[in-house]
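Chemist: Residue numbers (the numbering used here): 31 to 178.
1. Using only alpha-carbon positions, find the residue among 126, 167 and 166 that is nearest to residue 153.
2. How would you call residue 166, buried or exposed, if buried means at least 16 neighbouring beta carbons within 10 angstroms?
3. Taking 8 Å as the threshold (C-beta atoms), are residue 71 and residue 99 in contact?
4. Between the beta-carbon of residue 76 and the beta-carbon of residue 102, is there less than 8 Å?
5. Look at the Cβ atom of residue 73, then the Cβ atom of residue 81, and state whether they are nearer than 8 Å.
6. Name, in chain order, the residues that DSSP records as bridge partners for residue 71.
7. If you check the beta carbons only, do residue 130 and residue 156 fall under 8 Å apart?
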């Protein structure tokens, strides 16, 4: 996927995200349309990683399309996403303009008890990307199909 396709998909996903989240965030009027004044992204990983790129790409799409006035970002790595989930849950009452990037590994870590918080304690706003998965075995494995 080239950068133009990625940006287009990010903008569509961002529009869906804003549409779903607009009831939660403080809205500001602008040129006959409502926009979200600000949004803050909690990123459960380090700068430059996949979650970081997803959050910043979504924030850029939202601000460039004038759906959001300002986007800010905070990397909060630690505990395989557990630190960020804990922060979101413990501070929920004051994080009304905040979204956290999430993906399959965080759900799996929650289900397997890697951290004490549960992803179900958060509210899913929108899916903006898809995860592709593969199950692979060595070339000499006895397993050749899902039926095996």
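The beta carbon of each residue, even a glycine, is placed where N, CA and C say it ideally should be.
Modeler: Walking through what the data contain:
1. Answer by Cα proximity: 126.
2. exposed
3. no
4. no
5. yes
6. Under DSSP, residue 71 shares a beta bridge with 103 and 129.
7. no
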